[in-house]
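Chemist: Position one of the sequence shown corresponds to residue 57 (the numbering used here), numbered consecutively onward.
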Amino acid sequence: KLNSVRNSEFKVTTYTEAIEILKQAVANGHKFEVSDIEFGLDLGTEHERYICEQVNKAPTFVTNYPKEIKAFYMKQNEDNKTVAAVDLLVPGIGELVGGSQREDNYEKLIKRCKEVNIDIDQLEWYNNLRLYGYYKSAGFGLGFERLIMYITGASNIRDVIPFPRTPKNLLF
57 KLNSVRNSEF KVTTYTEAIE ILKQAVANGH KFEVSDIEFG LDLGTEHERY ICEQVNKAPT
117 FVTNYPKEIK AFYMKQNEDN KTVAAVDLLV PGIGELVGGS QREDNYEKLI KRCKEVNIDI
177 DQLEWYNNLR LYGYYKSAGF GLGFERLIMY ITGASNIRDV IPFPRTPKNL LF
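(1) From which residue to which residue does the alpha helix (DSSP H) around V82 run?
(2) What number of angstroms, rounded off, separates the C-alpha of S211 from the C-alpha of K123?
(3) Residues in the same chain with beta-carbon distance under 8 Å from K67, minus the five sequence neighbours each way, listed in chain order, please.
(4) Cα-Cα, which of W181, L198 and E163 is closest to V142?
(5) Between the C-alpha atoms of Y129 and N173, what's the straight-line distance to the nearest angstrom?
(6) Please return the same chain residues whose Cβ sits closer than 8 Å to the Cβ of A127, not counting the five positions on each side in sequence.
(7) Quick check on the DSSP output: the alpha helix (DSSP H) that includes L152 runs from which residue to which?
(8) In the DSSP assignment, find the alpha helix (DSSP H) that holds T101 and state where it starts and stops.
(9) Under 8 Å, do Y71 and Y121 count as touching if we go by C-beta distance?
(10) Using a threshold of 8 Å, state whether the C-beta atoms of E104 and E151 are closer than that.
Given below as structure tokens:
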């Protein structure tokens, strides 16, 4: 399975392109559990899998998500509607990795905090980093259980969680 990924040509699709693809799929009769496809939709697993399995038929990076559905600290793109964020979607799973560039401009960060009603006094230390020698940075998160699920071919994430916290599984 890893060899197939290693030998795959990863595709890149913007979020806006993904929304248009999903709208077209609905117009052509494809049934999604969430079929109200509009810019600003937080893509679900069904949407992610459709993009990478049915359309691109390869692991797919989706880039430039709407700022409204992403964290306040993500760097805004020049269009002021999207952020410099990326998700890696893989067949059979959906999102495996999510990442973004962090906002390095103090004024933009303060403005975004106010837009989403974050108390800037509570995050003064974080915001002030931009005033005193902050460098550009980015980060990502990898869903480890999802990676194990992908490598092993497990069909349910509960089968690969080392210490599951499911109902009737914990004793107190």
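Every residue gets a Cβ at the ideal spot worked out from N, C-alpha and C, and that includes glycine.
These figures come from a predicted structure and were not determined experimentally.
Modeler: In brief:
(1) That run of the alpha helix (DSSP H) goes Y71 to A83.
(2) 32 Å
(3) If we look at K67 and ignore the five residues flanking it on each side, its Cβ neighbours are C108, N112, A114, P115, T116 and F117.
(4) Taking each of W181, L198 and E163 in turn and checking the Cα distance to V142, the smallest one comes out for L198.
(5) 13 Å
(6) S156
(7) First-last for L152: G150 to Q157, but that is the beta strand (DSSP E), not the alpha helix (DSSP H).
(8) T101 to R105
(9) For Y71 and Y121, yes; Cβs fall inside 8 Å.
(10) yes
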